Structures are given as structure tokens and as C-alpha cells.
Amino acid sequence: MRSRKVAQRVAVLAALPVLGLSLAGTASASSAGAENADYVVSNTNACVATEQIRVWSDGHDRMQLDPNRNDSTCWFGIWNNATSSWVYGPTQSGGLSGWYWDGPDTSLMVGVYSTATGHWNWGPSN
104 MRSRKVAQRV AVLAALPVLG LSLAGTASAS SAGAENADYV VSNTNACVAT EQIRVWSDGH
164 DRMQLDPNRN DSTCWFGIWN NATSSWVYGP TQSGGLSGWY WDGPDTSLMV GVYSTATGHW
224 NWGPSN
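At position 69 of the sequence shown the residue is numbered 172 (the working numbering), and the sequence of numbers has no breaks.
This is how it looks when you write it as C-alpha cells:
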């Protein structure tokens, strides 16, 4: 588990220099199962999002990012741990991400970055 966290941190750090951001975030230690759930992910009072997970009629879940507090210091994204890549963002958009398939061999988590803290905070992996 620890090597997975280290790999996630390295992948995030490698993926974001394109944005000109320096990061020292930590990955979430928890995980979420295939169930309908909402998890609040905050970085500062100004940078808060909800990781929404819904099980669809096919039995697989989907994830959506809903930024509920967003100012010019915030970045939002959905990270795929299985492929070490972004499936959505990172973006400063305040809108919903839309639903992303999170079935077998996929492990998604919502990230919230703030330039005020200089790091990412993560929702649970699903």
C-alpha cells in the first residue's frame, strides 16, 4: 500500500509541471466501495469539491467531481490510479465534470489543489 501511495505522489508530481504548479500533495489512504456516496474534499475554505459516486443500472459505478467552492486559487481533477493519468482536468472550472466510468481495473479519486497551500488533497480511491 505504501509503494502505491508513493507511486501516486510521483505520478501527480510528474503530471502537473505542465501547469507550472509545484506540488507536495499526499494521496488518500482510504478507499470507497461501489456504492452511492458523496465525499467532501477540501483544501482551503475557498477550494472545496464533492466526489460523487453512483452505481448505475449496469452494476458499475461512475464518479463525478462537483466543485462547490472555487476561487482563482483552486484546481480540480479526477485522477486514475490504474493508469497514472487524469481522466478530467486539472481545471479551474467551477462546473460539474460529468460522469466517468469507474469499473473494474479503474481506480479514480477526486483531487483539490490550492495555490494557498501548494499541494493536492484527495478524496477516497474508488
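Just so you know, even glycine gets a beta-carbon here, dropped at the ideal spot from N, CA and C.
Keep in mind the model is a prediction, meaning the values are calculated, not measured.
Considering residue i, what are the terminal residues of the beta strand (DSSP E) in which it resides?
| i | result |
| --- | --- |
| E138 | No beta strand (DSSP E) holds E138; DSSP gives it neither H nor E. |
| H222 | 222-225 |
Taking residue i as the reference, give the member of the options with the closest Cα.
| i | options | result |
| --- | --- | --- |
| W223 | V144, S210, E138 | V144 |
| P227 | Q155, N148, R172, P170 | Q155 |
| G162 | S175, W204, S196 | W204 |
| E138 | R172, G206, V151 | G206 |
| H147 | W225, N229, S217 | The question names His, but residue 147 in the sequence shown is Thr. Closest option to T147, Cα to Cα, is S217. |
List the residues that DSSP assigns as beta-bridge partners of residue i.
| i | result |
| --- | --- |
| P170 | A152 |
| D164 | V158 |
| S145 | V151 |
Which runs of the beta strand (DSSP E), 3 residues or longer, sit entirely within the segment 183-228?
Correct list: 188-194, 211-217, 222-225.
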